[in-house]
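Some notes on the structure that comes next.
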Amino acid sequence: MPEAAAPVPIRESRRQLVSMRDAEAESLKALGRELAGQSTWWGSDSGADASESGGATSAIHVRKAESDLWEVRVSDAIGVIRVGDQTLVVQPKIPMGHVLGLLSEAGTLPRTSSAPVQVSAGAHLFDLIASWLLTATQTVLRGDLIKQFQTHREVLPHVRGRINPAQTAGLLLRGRPQVDCEFDDLDIDNPTNRVLRAAVARIARSPLAQSTLRRTATQLLVHFQGVGDLRRGDASAAVTRQTWYYRDALQLANVILAGFALTLREGSLGGSAFLLRTPEAVEAGLRSLLTRGLADECAVTKKGLQLTPSTKTLNPDLVFDNGSAVGDVKYQLQGTDWDTGHIYQATTFATGYRASHALVITFRDGETARPSLQIGDVDVTNICWDARDETPYETAAERVVEDVRDWLPTREPASGHPEALALATG
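So in my numbering, spot 23 of the sequence shown is number 24, and the numbers just go up one at a time.
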């Protein structure tokens with residue numbers, strides 16, 4: 002499989018000019034439309050953006066600029082895209098090490114994996130996760146593939162396990178002295194192994210992977226002889242006491258399979274993409290980080306507040322002590338001033354919960370946090386995650402936890418919500 006030309010790095014959610022042929026641009030547009038059609042892509046709280054090219058919904062915006070230059074923007078996702086000979090590496094808004102740390106905190110990536118969190122700014126997300134998966138798979142193979150009892154159904158010349166009476170009677174009436182049986186047998190063809198094999202096979206045949214990774218994956222597939230294709234429901238296979246050594250490999254395999262939501266076959270070029278949405282994962286990672294870091298201070302949860310009798314809800318990312326204060330995570334780099342939408346949203350959340358304190362967490366690579374605002378009875382505070390290249394993930398995480406700890410208001414007994422508001426856990 003030939004290697005693509007040198008990858009073109011682009012930044013998540015940022016417009017960038019890319020030199021490509023018209024056919025490549027059209028395939029890229031088709032990939033974006035296909036992805037936008039997946040209901041799970043956009044998250045529970047957001048809808049597909051209107052494309053800047055014709056008004057159709059798309060996750061990848063492509064617009065003609067001049068000659069062979071096209072303006073490309075990938076919305077709220079990181080990963081790698083390939084159409085024809087063109088490979089686009091979509092880097093996160095903040096350093097890769099910070100994103101990987103939050104993905105681990107969110108449970109998307111293994112928190113205890115030996116994979117390094119601090120990586121170079123130009124690291125290729127798919128190659129990183131693929132290499133970690135192949136290493137974890139080698140660890141699994143050293144412990145041997147697990148065998149689990151699976152139910153089989155076969156027509157046999159003798160009784161084994163449970164007889165299916167009606168089917169067996171039908172065989173006998175047709176002059177076939179055989180027995181239709183169901184029986185349990187230890188087998189390596191089980192959900193756990195099928196998930197792992199499917200992910201390794203994806204790497205082996207993916208044009209997105211480096212040739213060395215494809216070769217390694219192909220070699221590992223030899224050990225999965227007897228393991229079948231992925232079946233519906235296999236992704237929910239859980240690690241048990243007997244399969245604990247699969248933990249990291251199984252988690253990484255599910256990331257690989259989830260990220261490969263796209264393989265476009267239409268058109269002469271087609272295309273392929275490995276993309277992971279970032280907003281929900283970053284939000285979940287920060288919430289998990291605060292939940293652990295503030296366990297001795299308060300509970301941090303995500304809850305929705307339904308506005309009855311309508312179907313509308315208020316959905317802050319962070320609810321402190323069941324509503325004594327609320328917060329929202331904005332996966333955006335801090336600007337020179339408050340974002341008006343952030344102010345309106347934070348104030349609305351606080352008003353709905355009858356809280357006098359609202360928090361907006363953003364990310365910074367230069368700008369500092371904005372001064373707090375007093376809006377009626379609500380104090381709106383901005384705390385920034387230090388996302389500068391020179392700041393290690395662990396340092397940034399510790400600072401955010403301490404900043405939120407210092408911000409937490411003195412808690413008072415809850416006064417309850419008005420009758421028009423009904424609390425609904427989300």
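A virtual CB, placed ideally from N, CA and C, is assigned to each residue, including glycine.
No experiment lies behind these values; they were computed from the predicted model shown.
Spell out the partners DSSP gives residue i in its beta bridges.
i, result
"Trp1", "The structure shown does not extend to residue 1, since the chain spans only 2 to 427, so no value can be given for it."
"Ala78", "Arg278"
"Phe321", "Val301, Ala326"
"Glu183", "Arg154, Arg163"
"Arg12", "Gln92"
"Phe364", "Leu334, Trp386"
"Leu315", "Leu306"
"Asp188", "Gln149"
"Ala359", "Val327, Val381"
"Ile257", "Answer by DSSP bridge pairing: none, since Ile257 is not bridged."
"Gln243", "DSSP output for Gln243 lists no bridge partner at all."
"Val84", "Gln87"
"Leu428", "Only positions 2 to 427 of the chain appear in this structure, which leaves residue 428 out of reach."
For the putative contact between residue i and residue j, defined by C-beta atoms under 8 Å, what is the C-beta separation to the nearest angstrom?
i, j, result
"Ala347", "Val320", "That belief does not hold up - the Cβ atoms of Ala347 and Val320 are roughly 13 Å apart, past 8 Å."
"Ala205", "Thr193", "That pair is no contact at about 19 Å."
"Phe350", "Pro317", "4 Å"
"Gly377", "Leu104", "That belief does not hold up - the Cβ atoms of Gly377 and Leu104 are roughly 37 Å apart, past 8 Å."
"Ile130", "Ile257", "6 Å"
"Leu110", "Gln211", "In fact, because the Cβ distance is near 20 Å, the residues do not count as touching under 8 Å."
"Leu89", "Val100", "With 8 Å as the limit, Leu89 and Val100 do not qualify as a contact, their Cβ atoms being about 17 Å apart."
"Gly433", "Tyr394", "This structure cannot speak to residue 433, because the chain is shown only from 2 to 427."
"Leu197", "Ala236", "Not quite, the Cβ-Cβ distance comes to about 11 Å (not below 8 Å), so this is no contact."
"Pro410", "His358", "5 Å"
"Leu222", "Ala202", "6 Å"
May I have the straight-line CA-CA distance separating residue i from residue j, to the nearest angstrom?
i, j, result
"Glu27", "Ile61", "11 Å"
"Phe225", "Thr138", "11 Å"
"Val63", "Gly33", "9 Å"
"Gly229", "Glu183", "19 Å"
"Ala326", "Lys303", "12 Å"
"Asp387", "Arg195", "41 Å"
"Asp249", "Asp390", "27 Å"
"Val429", "Phe150", "As shown, the chain starts at 2 and ends at 427. That puts residue 429 outside it, with no answer to give."
"Gln87", "Leu29", "10 Å"
"Gly294", "Ser59", "38 Å"
"His418", "Tyr345", "Its pLDDT being 46, under 50, His418 is placed unreliably in this model, and the value from its coordinates should be taken loosely. Between His418 and Tyr345, the C-alpha separation is close to 20 Å."
"Leu374", "Arg365", "19 Å"
"Ala398", "Leu290", "8 Å"
"Arg175", "Asn165", "16 Å"
"Ala31", "His125", "23 Å"
"Gly162", "Arg177", "19 Å"
"Glu267", "Asp77", "In this prediction, Glu267 has a pLDDT of 49, which is less than 50 and means its spatial position is unreliable; nothing more can be read from the coordinates."
"Val84", "Glu25", "6 Å"
"Thr241", "Asp329", "35 Å"
"Ala259", "Pro96", "22 Å"
"Thr369", "Ala296", "27 Å"
"Ile82", "Leu209", "7 Å"
"Ser311", "Gly324", "21 Å"
"Asp338", "Thr213", "47 Å"
"Arg16", "Val91", "12 Å"
"Arg154", "Leu231", "19 Å"
"Leu142", "Ala300", "41 Å"
"Ile189", "Asp128", "28 Å"
"Lys65", "Val75", "15 Å"
"Thr392", "Gly367", "12 Å"
"Lys148", "Ser132", "25 Å"
"Glu284", "Lys94", "14 Å"
Just mark residue i as buried or exposed, buried being the case when its beta carbon has 16 or more other beta carbons within 10 Å.
i, result
"Ala170", "exposed"
"Asp46", "Residue placement at Asp46 is flagged as unreliable, the pLDDT there being 43, under the threshold of 50; the coordinate-derived value follows with that caveat. Its Cβ having fewer than 16 others within 10 Å, Asp46 is exposed."
"Pro158", "exposed"
"Lys313", "exposed"
"Ser207", "buried"
"Asp145", "exposed"
"Thr217", "buried"
"Trp71", "buried"
"Ala7", "exposed"
"Leu360", "buried"
"Glu403", "exposed"
"Thr244", "buried"
"Ser20", "exposed"
"Gly272", "buried"
"Gly401", "The sequence given here places Val at residue 401; Gly does not occur at that position. Looking at its Cβ environment, which holds 16 or more other Cβ atoms inside 10 Å, Val401 is buried."
"Val160", "exposed"
Completely contained beta strand (DSSP E) runs for the segment 270-311, where each covers 3 or more residues: 272-278, 304-308
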